[in-house]
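> Chains R and W are the protein sequences, given in the same order.
Residue 1 is where the first sequence starts when you use the working numbering, and the numbers rise one by one after that.
Residue 1001 is where the second sequence starts when you use the working numbering, and the numbers rise one by one after that.
Dumping the structure here so I can ask a few things about it.
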Amino acid sequence: MKTMQWLVRRELWEHQGMLLRAPLVIAALMTLFVGVMLLSGRDMVLSINGQQATLSEAINGAYLSDAVEPQRKAGMLRMIASGYMAASAPLFLMLGFVVFFYCLGALHDERRDRSVLFWKSLPVSDASSVLSKALVALVVAPLIAIAIGTAMSLLMLLMLCSALAFKGLNLFPALLATPELYLTPLRIAALLPVYALWALPTVGWLLMVSIWARSKVFLWAVGGPLLTGAFALWASRAYELGWNSGWFMQAIVARVLLGTVPGSWLLFDQQQRAELLDQASQRIDLPGIFAHSWAMMGSADLWIGVGAGCAMIFIAIRLRRWQEDI
Amino acid sequence: MSALISARGLSKRYGKQAAIDDISFEIAPGRIVGLIGPNGSGKTTTLKALLGLTRCEGSLSVLGMDPRLERDALMQQVCFIADVAILPRWLRVSEAIDFIAGVHPRFDRTKAERYLANGKLELSMKVQSMSKGMVVQLHLALVMAIDARLLVLDEPTLGLDILYRKQFYQHLLENYFDQDKTIIITTHQIEEVEHILTDLMFIRDGKLLLSASMDEVGLRYTEVMVALEWQAQAEALHPISTRSVFGKSVMLFDGVPRAQLAAFGETRTPSVADLFVATMKGRNA
């Protein structure tokens, strides 16, 4: 346990630029942008229940001003309180890329710079080394993204409300009394298990390629599944084999390549995708996303992926025993 | 005392090429063994096999363990320094100390900090900003703070200037080596290690040409400065090498009694470097 803690810390030292500094910089830039926009007095366009309105219209008009009936106003506040984390969507998208490239290099870079000889000269098993990297990819990196995303979203909300307060509309008392405000970060954090399980096949696949490939890791990791998919499509067409290559692309290729993007599970189930897209055009429905996400825990697709991911991580552990520096 | 390392029929192939070819040896505790051979002779492969870093055939026991199956347990008792490049570039001195202290039960943090205090290294320095000499200094300080029974050095001083090289071995002997420790060294700079070695192993093309203690080497090999008039008689005893110095022949004999050779001229124990060259050349002919 203590060893695992040090191994995770080691990963953070090595990759602090990617795991910590990059999201911090993006968050800072986004906050700065919002700040400048607010200071310059530019009106923000809000999309409320499918209707577009600028912020000043919302204040003066039918949504937030004191003239609005209390019930409707409370509904509005709930919406803001449950939707403000949407500001951190770019961070979560970036998390997908960061985890992808982190895994791709995790077991390859140390062999290329020969530092694997140093790490292997310490009494740390291959299993702990590989598992620590999987743990960073599946849990630690998302936790960092959630923490930074929450802080940034709250900061933005604070700035927005301050700007509104200057315009004479004090939302603070009402907003702070809205339970959704506090629940939203927890809801996001509670999606972590779904993320970790859903990303497992991708992380396993990338770690396996990372230890197995002698060079051109990216090409093997991405080109391999894509070419196999293309071949299946061609073979099925050319010989009328009737293979379901669309299924292959979605159930295998997409799962091993896109799993690290948060929320990618929502696009997996076709019916669910249609439902969500329909709703998404109207508003951000975080409780809905939350429910849908946890519903994935009951799907066989998820658990088959988990099994495959564990198997690939196991193979990566076995391969690390004998793979030498390159 | 039983052997610390025992290898029997050790072989490793890369495709058709044999990197090490059926070698057997034993190393007793408390020895300093020089594993010496030309480039590509299988030195590094042998060391990697001992450390469980490469797959190989044959039976192998290091401190009673099979390194192929129990590398992580073995590494509690074994330390390894390879030529300078293996510390990761992003690592800070303080991180290296913290990490090893965290994962290694036999690491003494205060010892490492004491060794480092003597040098120019600061805790906030990163490996990438260090000179080669400083990296080796760091690695040596880390390793000397580990209470291990076996230290494996693979070309530890490659690319260092003479000051660092001298310092390296001096440190090692004064502050580290004792009766309970065993050191295996591979190096090209034979002259620098020859006075500290207790045992010699010559390796070429994956085969062990010689494995003996320095005492045995002294008994077995004799170098004679042969006077001109004795040249023919000396040749008849089949020296393994002959070179001429100031018009006299210097011949190296294997297994000829020193008393017998004394008649031809001045005798002495050959240097490891001369013995190495002679052994390598002799088998070529």
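Ideal Cβ placement from N, Cα and C applies to all residues, glycine included.
Quick check on residue 182/R: buried or exposed, where buried means 16 or more other Cβ atoms within 10 Å of its Cβ?
Residue 182/R sits at position 182 when you count from the first residue of the first sequence. Per the 10 Å Cβ criterion, exposed.
> Going by beta carbon distance, what residues of the same chain come within less than 6 angstroms of residue 293/R, once the five residues before and after it are set aside?
On the first sequence, residue 293/R is found 293 positions in, with the first residue counted as 1. These residues qualify, in order along the chain: 191, 194.
> Should residue 1075/W be flagged as near chain R, meaning a C-beta pair shorter than 8 angstroms?
Working through the second sequence from its first residue, we reach residue 1075/W at position 75. With 8 angstroms as the cut-off, residue 1075/W counts as an interface residue toward chain R.
> What is the DSSP secondary structure of residue 1152/W, reduced to helix, strand or coil?
Position 152 of the second sequence holds residue 1152/W. The answer is strand: DSSP assigns residue 1152/W an E or B state.
> Less than 8 angstroms between CB atoms is the rule here; does residue 11/R satisfy it with respect to chain W?
Within the first sequence, the letter at position 11 stands for residue 11/R. Closer than 8 angstroms: no.
> Any C-beta of chain R sitting closer than 8 angstroms to the C-beta of residue 1018/W?
By 1-based counting over the second sequence, the position of residue 1018/W is 18. No - not a single Cβ of chain R is within 8 angstroms of the one on residue 1018/W.
> So, with DSSP's three-state summary, where would you put residue 39/R?
Position 39 of the first sequence, counted from the first residue, corresponds to residue 39/R. Correct three-state label for residue 39/R: helix.
> Check each residue of the segment 117-147 of chain R: if its Cβ is closer than 7 angstroms to any Cβ of chain W, include it; give the result in chain order.
117, 118, 120, 121, 122, 123, 124, 125
> Measuring alpha carbon to alpha carbon, tell me which residue in 155/R, 2/R, 173/R, 204/R is nearest residue 307/R.
Position 307 of the first sequence, counted from the first residue, corresponds to residue 307/R. Among 155/R, 2/R, 173/R, 204/R, the Cα nearest to that of residue 307/R is on 204/R.
> For residue 3/R, go through chain W and note every residue whose CB falls closer than 9 angstroms to its CB, in chain order.
By one-based count along the first sequence, residue 3/R stands at place 3. Under a criterion of Cβ atoms nearer than 9 angstroms, the residues of chain W adjacent to residue 3/R are, in order, 1102, 1103.
> Going by other Cβ atoms of all chains shown within 10 Å of its Cβ, with 16 needed for buried, is residue 102/R buried or exposed?
Position 102 of the first sequence holds residue 102/R. Buried, because 16 or more other Cβ atoms sit within 10 Å of the Cβ of residue 102/R.
> If we define contact as Cβ-Cβ less than 8 angstroms, is residue 210/R a contact residue for chain W?
Counting from 1 along the first sequence, the entry for residue 210/R is found at position 210. So no, residue 210/R is outside the interface.
> Return yes when the Cβ of residue 1034/W is within less than 8 angstroms of the Cβ of residue 1158/W, no when it is not.
Reading the second sequence from its first residue, position 158 is the one you call residue 1158/W. Reading the second sequence from its first residue, position 34 is the one you call residue 1034/W. Not a contact, by the Cβ cut-off of 8 angstroms.
> Count the other CB atoms within 10 Å of the CB of residue 1284/W; is the residue buried (16 or more) or exposed (fewer)?
Counting from one through the second sequence, the residue named residue 1284/W turns up at place 284. With a pLDDT of only 45 at residue 1284/W, under 50, the local geometry of the prediction cannot be trusted, and the value read off the model is given with reservation. So residue 1284/W ends up on the exposed side.
> Taking only beta-carbon positions, decide if residue 113/R is within less than 8 angstroms of chain W.
Here residue 113/R refers to the residue found at position 113 of the first sequence. Chain W, which has a Cβ nearer than 8 angstroms to the Cβ of residue 113/R, makes this yes.
> Less than 8 angstroms between the beta carbons of residue 1046/W and residue 1185/W, yes or no?
Locating residue 1046/W in the second sequence gives position 46, where the first residue counts as 1. Locating residue 1185/W in the second sequence gives position 185, where the first residue counts as 1. No; because the gap between Cβ atoms is not below 8 angstroms, this pair is not in contact.
> Spatial neighbours of residue 313/R within its chain, please: CB distance less than 7 angstroms, with the 5 preceding and 5 following residues excluded, ordered by chain position.
Stepping through the first sequence from its first residue, residue 313/R is reached at position 313. The answer, listed in chain order, is 130, 134, 204, 207.
> Hey, how far is the Cα of residue 1053/W from the Cα of residue 322/R?
Numbered from 1 along the second sequence, position 53 holds the residue referred to as residue 1053/W. Numbered from 1 along the first sequence, position 322 holds the residue referred to as residue 322/R. Between residue 1053/W and residue 322/R, the C-alpha separation is close to 7 angstroms.
> Compute the distance between the beta-carbons of residue 19/R and residue 141/R, then report whether it is under 8 angstroms.
Looking up residue 19/R in the first sequence gives position 19. Looking up residue 141/R in the first sequence gives position 141. In contact: residue 19/R and residue 141/R (Cβ atoms closer than 8 angstroms).
> The beta strand (DSSP E) with residue 1017/W in it runs from where to where?
Here residue 1017/W refers to the residue found at position 17 when the second sequence is read from its first residue. Element bounds for residue 1017/W: 1017-1027.
> Would you say residue 336/R reaches chain W, if we count a Cβ-Cβ gap shorter than 8 angstroms as a contact?
Residue numbering for chain R in the displayed model covers 1 to 326; residue 336/R lies beyond these limits and cannot be assessed.
> Determine contact between the segment 114-126 of chain R and the segment 212-225 of chain R, defined as no fewer than three beta-carbon pairs at a distance below 8 angstroms.
Cβ pair count under 8 angstroms is below three, so no.
> Tell me whether residue 241/R sits in a helix, a strand or coil according to DSSP, three-state version.
Position 241 of the first sequence holds residue 241/R. Coil at residue 241/R, not helix or strand.
> Looking at the strands, I want to know which residues DSSP matches up with residue 1007/W.
Reading the second sequence from its first residue, position 7 is the one you call residue 1007/W. DSSP, once it has assigned bridges, lists 1025/W, 1060/W as partnering residue 1007/W.
> In terms of residues, what are the limits of the alpha helix (DSSP H) holding residue 1164/W?
As a working note, residue 1164/W is residue 164 in the second sequence. Counting along the chain, the alpha helix (DSSP H) containing residue 1164/W begins and ends at 1162-1171.
> In chain W, what lies closer than 7 angstroms to residue 6/R by C-beta?
Working through the first sequence from its first residue, we reach residue 6/R at position 6. The answer, in chain order, is 1099, 1102, 1103.
> Does the segment 1067-1081 of chain W come close enough to the segment 1022-1032 of chain W to have 3 or more Cβ pairs within less than 8 angstroms?
no
> Is residue 1265/W helix, strand or coil when you go by DSSP?
Locating residue 1265/W in the second sequence gives position 265, where the first residue counts as 1. Looking at residue 1265/W - three-state DSSP - the assignment turns out to be strand.
> Mind checking if residue 1285/W is an interface residue toward chain R, Cβ cutoff 8 angstroms exclusive?
For the purposes of this step, residue 1285/W is identified with residue 285 of the second sequence, where counting begins at 1. At residue 1285/W, the pLDDT of 41 sits below 50, so the modelled position is not reliable and the matter cannot be decided from this model.
> Cα-Cα, which of 215/R, 221/R, 185/R, 22/R is closest to residue 98/R?
In the first sequence, counting from the first residue as 1, residue 98/R sits at position 98. The shortest C-alpha separation from residue 98/R is found at 22/R.
> Can you confirm whether residue 1079/W, when its beta carbon is compared against all beta carbons of chain R, has any partner nearer than 8 angstroms?
The residue given as residue 1079/W occupies position 79 in the second sequence. Yes - at least one Cβ of chain R is within 8 angstroms of the one on residue 1079/W.
> Any Cβ of chain R within less than 8 angstroms of the Cβ of residue 1072/W?
For the purposes of this step, residue 1072/W is taken as residue 72 along the second sequence, with counting starting at 1. By this cut-off, residue 1072/W is an interface position.
> Is DSSP giving residue 1272/W helix, strand or coil here?
Within the second sequence, the letter at position 272 stands for residue 1272/W. Helix, per DSSP.
> Considering only DSSP beta bridges, list what residue 1202/W is partnered with.
Taking the first residue of the second sequence as position 1, residue 1202/W is located at position 202. Answer is 1036/W, 1210/W, bridged to residue 1202/W.
> If the cut is a Cβ gap below 7 angstroms, which residues of chain R does residue 1086/W touch?
Position 86 of the second sequence, counted from the start, is the residue given in the question as residue 1086/W. Those are 114, 115, 117, 118, listed as they occur along chain R.
> By the 10 Å Cβ neighbour count, where 16 or more other Cβ atoms means buried, how is residue 1099/W classified, buried or exposed?
By one-based count along the second sequence, residue 1099/W stands at place 99. Result: buried.
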